[in-house]
Amino acid sequence: MCSLDGLFANNKAWSAQRVADDPHYFTELAQQQAPRYLWIGCSDSRVSANEILGLQPGEVFVHRNIANLVVNSDLNCLSVIQFAVEVLKIEHIMVVGHYGCGGVQAVVAQRSVGLADNWLRHVEDIAHKHAEQLDGMKSDAERSTRLCELNVIEQVANVCRTTTLRRAWHKGQRVEVHGLVYGLADGLLRRVGVSANGTQAWAERYRESLQSLHPRNSFEEKTRSRF
Ligand code: CO
1186 MCSLDGLFAN NKAWSAQRVA DDPHYFTELA QQQAPRYLWI GCSDSRVSAN
1236 EILGLQPGEV FVHRNIANLV VNSDLNCLSV IQFAVEVLKI EHIMVVGHYG
1286 CGGVQAVVAQ RSVGLADNWL RHVEDIAHKH AEQLDGMKSD AERSTRLCEL
1336 NVIEQVANVC RTTTLRRAWH KGQRVEVHGL VYGLADGLLR RVGVSANGTQ
1386 AWAERYRESL QSLHPRNSFE EKTRSRF
């Protein structure tokens, strides 16, 4: 008895349901994909791109790794971005972090998870870069929340600085880069920072995005104390 039997049964039922709804479903989908979106998200099993966005197969191109990082020497992620922008001509790149990210929490708690510590060094570097802000927070939970947001802002900047995006914008191709964070507790996506479309220098966007985090926090605190 194969332990994957249940999954094969699920797959068979799913395939049959699709064909029942639309007899041409797979023949049309097999011919081409034309997604308008690229999702760069965390590998976390609770954060599934298609499901959260309510999109069908063929509608979103996906790259996932632990803590949704865009590392400028990671051939895997760079190839996904290049293929998405130059071949598929996607219009929107979304870097999607999520609150409660295990990778981010491990960095905040300075907890070792093994080999992946080397990968999470990129998040640790971000924590060091923003140490002043993070040290001023009351708890590790608050620090994790903020580091999830800071990480998204940093990764959006990394996407903007890839050769692919620089070249695309130089040629006048329309592609926007957005920072989002997903709430595991409510299933909702929120914008983080300012989107980039190539009309403004990445460094300027980056500064604006960081600034956007501060007032929101103090506003929330004020609102809370009023009610
Ligand atoms: Co995660």
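For reference, each letter of the sequence shown is one residue, going 1186 to 1412 in my numbering.
Note that the Cβ used here is the ideal one computed from N, Cα and C, for glycine as well.
For clarity, every value in this text was computed on a predicted model and none was experimentally measured.
Straight-line gap, residue i to residue j (C-alpha atoms, nearest Å)
i: C1187; j: R1375; result: 41 Å
i: G1378; j: L1223; result: 18 Å
i: Q1216; j: L1240; result: 18 Å
i: A1201; j: L1189; result: 19 Å
i: S1394; j: I1338; result: 7 Å
i: G1191; j: W1199; result: 12 Å
i: L1270; j: L1263; result: The sequence as given places Val at residue 1270; Leu does not occur at that position. Straight-line Cα distance between these residues: approximately 11 Å.
i: N1303; j: R1331; result: 21 Å
i: R1359; j: V1289; result: 32 Å
i: E1389; j: H1277; result: 20 Å
i: L1300; j: H1313; result: 20 Å
i: E1347; j: W1387; result: Reading off the sequence shown, one finds Thr at residue 1347, where the question assumed Glu. Whole-angstrom Cα-Cα distance: 11 Å.
i: F1193; j: S1324; result: 45 Å
i: A1381; j: G1287; result: 27 Å
i: E1213; j: A1205; result: 15 Å
i: R1296; j: L1305; result: 11 Å
Residue of the options minimising C-alpha distance to residue i
i: M1318; options: D1302, L1305, V1308 and L1335; result: Looking at the sequence provided, one finds Gln at residue 1318 rather than Met. Checked all of D1302, L1305, V1308 and L1335; the closest Cα to Q1318 is L1335.
i: Q1267; options: H1248, H1283, G1285 and A1252; result: H1248
i: Q1340; options: G1226, D1206, G1191 and G1288; result: G1226
i: Q1385; options: L1373, D1206 and E1361; result: E1361
i: A1252; options: V1232, C1262 and G1282; result: G1282
i: S1233; options: L1300, E1213, V1366 and R1221; result: V1366
i: S1427; options: Q1358, H1307 and G1288; result: Residue 1427 cannot be examined here, being either before or after the span of the chain that is shown, 1186 to 1412.
i: I1275; options: H1363, L1214, H1209 and V1204; result: H1363
i: E1309; options: R1390, L1254 and I1278; result: L1254
i: V1280; options: R1296, F1193, C1333 and G1372; result: C1333
i: V1344; options: V1265, Q1295 and H1399; result: V1265
Close Cβ partners of residue i (< 6 Å) along its chain, the five nearest in sequence each way excluded
i: V1298; result: A1291
i: R1328; result: V1293, L1319 and M1322
i: Y1391; result: A1342
Sequence-distant residues of the same chain with beta carbon closer than 8 Å to residue i, five excluded per side
i: Q1218; result: G1243, F1246 and L1273
i: R1203; result: Y1210 and F1211
i: G1372; result: I1237
i: I1311; result: L1332, L1335, N1336 and E1339
Buried versus exposed call for residue i [16 or more other C-beta atoms within 10 Å across all chains shown]
i: R1411; result: Since pLDDT at R1411 reaches only 41, below the 50 mark, its modelled position is unreliable, and no value is offered.
i: T1349; result: buried
i: D1229; result: buried
i: A1353; result: buried
i: P1220; result: buried
i: A1357; result: Residue identity differs from the one stated: residue 1357 is Gly in this sequence, not Ala. Its Cβ having fewer than 16 others within 10 Å, G1357 is exposed.
i: G1383; result: buried
i: L1260; result: exposed
is_contact[residue i, chain C] using C-beta, thresh 9 Å
i: V1341; result: Judged by its chain identifiers, the structure shown contains no chain C, having just a single protein chain.
Contacts around residue i, its chain only, beta-carbon distance under 7 Å, and the 5 residues preceding and following it disregarded
i: V1369; result: Here residue 1369 is Leu; the residue named in the question, Val, does not match the sequence. Cβ neighbours of L1369 beyond the five flanking positions: R1231, H1283, Y1284 and G1285.
i: L1238; result: V1245
i: V1256; result: C1262 and H1307
i: S1397; result: G1378 and V1379
Which residues neighbour the ligand CO when neighbourhood means a C-beta less than 5 Å away from any of its non-hydrogen atoms? List them by chain order. With the cut-off at 5 Å, the residues found are C1227, D1229 and C1286.
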